[in-house]
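Residue 0 is where the sequence shown starts when you use numbering that gives the first Met the number 0, and the numbers rise one by one after that.
Heads up, the beta-carbon is just placed ideally off N, CA and C, and yes, glycines get one too.
These notes concern the structure reproduced below.
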Amino acid sequence: MKIGIDLDDVLADSLPHYLRAFNARFGFEIGLAEAAWRIADRFPQIPRQEADDFFSELIAAGFFSSRLLLPHAKEAVETLADAGHDLYIITGRTPRDEQITMDWLTRVDMRSRFAAVVHRTRDPVERHKADVASGLDLDLFIEDELPVALAVAETAVRVLLFDRPWNQGLLPDTVRRIGSWPEALTQIAVRNGHGEYR
Ligand SMILES: [Mg+2]
Numbered sequence: 000m001k002i003g004i005d006l007d008d009v010l011a012d013s014l015p016h017y018l019r020a021f022n023a024r025f026g027f028e029i030g031l032a033e034a035a036w037r038i039a040d041r042f043p044q045i046p047r048q049e050a051d052d053f054f055s056e057l058i059a060a061g062f063f064s065s066r067l068l069l070p071h072a073k074e075a076v077e078t079l080a081d082a083g084h085d086l087y088i089i090t091g092r093t094p095r096d097e098q099i100t101m102d103w104l105t106r107v108d109m110r111s112r113f114a115a116v117v118h119r120t121r122d123p124v125e126r127h128k129a130d131v132a133s134g135l136d137l138d139l140f141i142e143d144e145l146p147v148a149l150a151v152a153e154t155a156v157r158v159l160l161f162d163r164p165w166n167q168g169l170l171p172d173t174v175r176r177i178g179s180w181p182e183a184l185t186q187i188a189v190r191n192g193h194g195e196y197r
């Protein structure tokens with residue numbers, strides 16, 4: 000199978016830490032259920048330049064470089080690659096951060112497991128990922144953001160959505176919530192072996 004895999008909050012533990020930094024910087028107490036990248040866009044009282052500076056400074060301080068792997072992520076990727084699946088990282092990070100991404104993948108010793116690492120070249124992120132998913136003719140996409148999951152599902156690519164506080168809501172039949180990487184592997188095996196995945 001050709002499988003697209005999101006990076007932040009699918010392989011790396013990222014968004015909760017971004018939210019914590021945002022809350023600390025701007026004096027909010029936003030909870031995980033409301034977490035989102037570029038969350039400053041929701042607050043017109045935050046000048047755009049200040050929001051941009053916050054993110055640039057976060058990255059300069061090593062935010063993406065220092066992310067930890069989520070539980071079982073590395074073992075799952077190795078299992079899928081060893082089974083012969085073609086794996087693609089499809090991230091909402093921009094090309095500006097590509098070197099950081101590649102260095103991180105090298106550091107966690109996963110870089111060779113992926114056929115390609117695709118960074119975002121257009122907005123919004125859900126459109127970008129849906130285009131890449133259909134362009135690569137993926138069989139499956141693994142994601143944590145609800146708008147991305149819904150947009151990718153509309154292109155007839157099935158989705159596994161990691162169940163997180165920030166992605167609650169109704170899903171079409173082609174998007175399945177999963178609680179862990181072991182559960183993702185089970186779903187992939189079922190679909191691969193018996194064609195009964197839905
Ligand atoms: Mg993500």
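Best match in the options for proximity to residue i [C-alpha to C-alpha]
| i | options | result |
| --- | --- | --- |
| K128 | V151, I177, I99, R106 | V151 |
| A72 | I141, A148, P123 | I141 |
| W165 | P171, D172, R176 | R176 |
| D122 | E74, F113, T90, D162 | T90 |
| R110 | V174, V131, A80, R47 | A80 |
| S8 | E77, E28, D162 | The identity of residue 8 in the sequence shown is Asp, whereas the question assumes Ser. The option with the nearest alpha carbon to D8 is D162. |
| E74 | V131, S179, N22, F27 | S179 |
| G168 | A188, G134, I187, E144 | E144 |
Three-state secondary structure assigned by DSSP to residue i
| i | result |
| --- | --- |
| F157 | The amino acid occupying residue 157 in the given sequence is Arg; Phe does not appear at that position. Residue state, collapsed to three classes: strand. |
| D5 | coil |
| R175 | strand |
| D102 | helix |
| E182 | helix |
| I45 | coil |
| L86 | strand |
Whole-angstrom C-beta distance between residue j and residue i, which should lie under 8 angstroms
| i | j | result |
| --- | --- | --- |
| L18 | L31 | 7 angstroms |
Determine contact between the stretch 156 to 165 and the stretch 2 to 22, defined as no fewer than three beta-carbon pairs at a distance below 8 angstroms.
-> With three or more CB-CB distances shorter than 8 angstroms, the stretch 156 to 165 counts as touching the stretch 2 to 22.
Does the count of Cβ pairs from the stretch 100 to 120 and the stretch 35 to 51 closer than 8 angstroms reach three?
-> Contact fails: fewer than three Cβ-Cβ distances are below 8 angstroms.
Stretch pair the stretch 89 to 104 + the stretch 56 to 65: three plus CB contacts closer than 8 angstroms | At 8 angstroms Cβ cutoff, the stretches touch.
Can you list, in chain order, the stretches of the beta strand (DSSP E) that have 3 or more residues and sit fully within the stretch 48 to 73?
-> Runs of the beta strand (DSSP E) inside the stretch 48 to 73: none found.
Any contact of the stretch 179 to 191 with the stretch 46 to 58, i.e. 3+ C-beta pairs under 8 angstroms?
-> The stretch 179 to 191, when compared against the stretch 46 to 58, does not touch it at the 8 angstroms Cβ threshold.
Please go through the stretch 11 to 38 and give each complete beta strand (DSSP E) segment of 3 or more residues, from N-terminal end onward.
-> The qualifying runs do not exist here; there are none.
Taking only runs that begin and end inside the stretch 117 to 166, name each unbroken alpha helix (DSSP H) of 4 or more residues, in chain order.
-> For the stretch 117 to 166, whole alpha helix (DSSP H) runs of length 4 or above, ordered along the chain, are 124 to 134, 145 to 152.
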